[in-house]
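Peer 1: Before anything else, here's the structure in question.
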Amino acid sequence: MKHNPSKADVRIWDLPTRLFHWLFAASVIGAVVTVKVGGSWMDWHLPLGIAALVLLTFRLIWGFTGSRYARFANFVRSPRQTLAYLRQAHQTDTPGHNPLGAWSVLALLLVVGIQAFTGLFTTDEILTQGPLNQFVSGDVSSVMSSIHKFNEKPLFILVGLHLVAIIVYAIKGKRLVPPMITGNKPTDSLPVNTPDARDDVGLRAWALVLIVILGSIGWWLVELGNSAGMSFN
Ligand code: HEM
Ligand code: HEM
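If you're matching positions, the sequence shown starts at 236 in our numbering and goes up one per residue.
Here you go:
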């Protein structure tokens with residue numbers, strides 16, 4: 236059999252990448268639910284949206300400084316290479332994101348990025364405004380508010396496609412969710428001698444430093460939003 240028999244699993248997703256994913260999904264879903272339920276739940280929309288922005292910034296930096304399969308250089312491929320991959324009769328196993336999945340990762344990050352960034356400048360012109368809305372002109376604020384509103388559709392479509400893709404892979408026998416929880420994929424599902432991703436204390440400590448710095452900036456934005464809200468009343 237074509238696999239390294241010395242161990243059953245290979246570490247693919249380091250702990251910070253896995254925590255990023257589930258917290259990111261929770262904050263994006265939370266931001267959508269709170270805005271849809273409305274009323275006093277809207278108070279949670281801003282912190283959740285800012286949490287999504289903090290996590291996204293973390294992921295961008297992690298794409299250059301994280302472990303092997305979390306790095307953009309490991310999975311981002313040109314359109315030509317992606318087509319070549321898709322044309323293969325039997326697609327080669329990719330330990331991390333495959334070339335098509337990589338495009339969906341980038342698209343999800345981009346569309347959530349646009350949503351969360353414009354949110355900072357958005358206003359409903361009554362009670363709720365993003366923390367940086369107070370610093371921009373009415374024109375900028377209304378453009379940002381429109382983008383924040385109309386970007387909702389692409390966001391829902393991409394998240395929907397993301398979930399459909401995961402279900403389709405599961406039907407075809409490729410279970411992607413367990414590795415995003417445990418970090419591991421079975422050795423015999425991967426090319427021979429696929430190396431483990433680094434996932435040691437040093438790497439995790441670096442992730443912690445990063446998230447504390449970015450989280451502090453997020454916290455400051457939430458406070459700024461609260462004080463802007465108060466002066467509004
Ligand atoms: C992943 C992040 C986010 C998602 C998915 C999201 C989603 C949404 C959606 C769907 C709406 C309703 C738009 C409408 O139909 O009027 C909305 C409104 C709003 N969002 Fe966000 N948002 C996010 C981040 C943020 C952030 C970071 C802020 C500010 C810090 C923010 C501030 C606002 C405000 C003030 C409104 C009210 C605008 C209105 O009612 O027209 N959002 N958001
Ligand atoms: C709003 C919700 C969600 C967003 C914005 C989102 C976003 C993302 C992103 C950006 C990645 C790339 C991970 C990375 O390299 O850092 C990813 C991967 C993944 N997501 Fe989600 N996700 C969401 C919900 C979910 C849910 C609900 C599930 C499972 C039920 C899920 C399962 C996965 C899996 C299995 C992968 C790895 C795919 C692969 O192996 O290539 N996601 N997601």
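All C-beta atoms in this analysis are idealised placements derived from N, C-alpha and C, irrespective of residue type, glycine included.
1) Please report the straight-line C-alpha distance between Phe259 and Val427, rounded to a whole angstrom.
2) Which first and last residues belong to the alpha helix (DSSP H) in which Pro251 is found?
3) Helix, strand or coil: which one does DSSP assign to Pro421?
4) Please check the pair Phe310 and Ala337, which I expect to be a contact at CB under 8 Å, by giving their CB distance rounded to whole angstroms.
5) What first and last residue would you give for the alpha helix (DSSP H) that runs through Arg294?
6) With a threshold of 7 Å on Cβ separation, who are the neighbours of Asp431 within its own chain once the five nearest residues in sequence on each side are excluded?
7) Quick test of your reading: Asp434 and Gly418, contact by CB under 8 Å. State the CB separation rounded to the nearest angstrom.
8) For Asp435, which of helix, strand or coil comes out of DSSP?
9) If I follow the unbroken alpha helix (DSSP H) through Val394, where does it start and stop?
10) Rank Ser302, Ile296, Thr329 by C-alpha distance to the C-alpha of Arg312 and give the top, closest one.
11) Look at the alpha carbon of Ser466 and the alpha carbon of Pro251, and state the distance between them as a whole number of angstroms.
12) Are the segment 286-298 and the segment 443-462 in contact at 8 Å, needing three or more beta carbon pairs?
13) Could you pull the start and end residues of the alpha helix (DSSP H) that Val346 belongs to?
14) So Ser339 and His397 are supposed to be a Cβ contact under 8 Å. How far apart are they, rounded?
15) DSSP on Asp374, reduced to helix/strand/coil?
16) By the DSSP assignment, the alpha helix (DSSP H) with Arg322 in it spans what residues?
17) Which term fits Met236, buried or exposed, when burial requires 16 or more other beta carbons within 10 angstroms of its beta carbon?
Peer 2: Let me lay it out:
1) Phe259 and Val427 have their alpha carbons spaced roughly 32 Å apart.
2) Unbroken alpha helix (DSSP H) run through Pro251: 250-272.
3) Strand.
4) With a contact defined as Cβ atoms closer than 8 Å, Phe310 and Ala337 qualify at about 4 Å.
5) First-last of the alpha helix (DSSP H) with Arg294: 277-300.
6) Here Asp431 has Val245, Arg246 as same chain residues with Cβ atoms under 7 Å from its own Cβ, once five neighbours each way along the sequence are excluded.
7) About 7 Å; that satisfies the 8 Å criterion.
8) Coil at Asp435, not helix or strand.
9) Note, Val394: alpha helix (DSSP H), 387-406.
10) Of the candidates Ser302, Ile296, Thr329, Thr329 places its Cα closest to the Cα of Arg312.
11) The predicted position of Ser466 is uncertain, since its pLDDT is 46 and thus under 50; no value can be drawn from it.
12) Taking one beta carbon from each stretch, the segment 286-298 and the segment 443-462 have 3 or more pairs nearer than 8 Å; the two touch.
13) Boundaries of the alpha helix (DSSP H) around Val346: 334-354.
14) His397 and Ser339 do touch by the CB rule: their CB atoms are close to 6 Å apart, below 8 Å.
15) For Asp374, the three-state secondary structure derived from DSSP is helix.
16) Counting along the chain, the alpha helix (DSSP H) containing Arg322 begins and ends at 314-322.
17) Confidence at Met236 is low in this model, with a pLDDT of 40, below 50, so its placement is unreliable and no value can be given for it.
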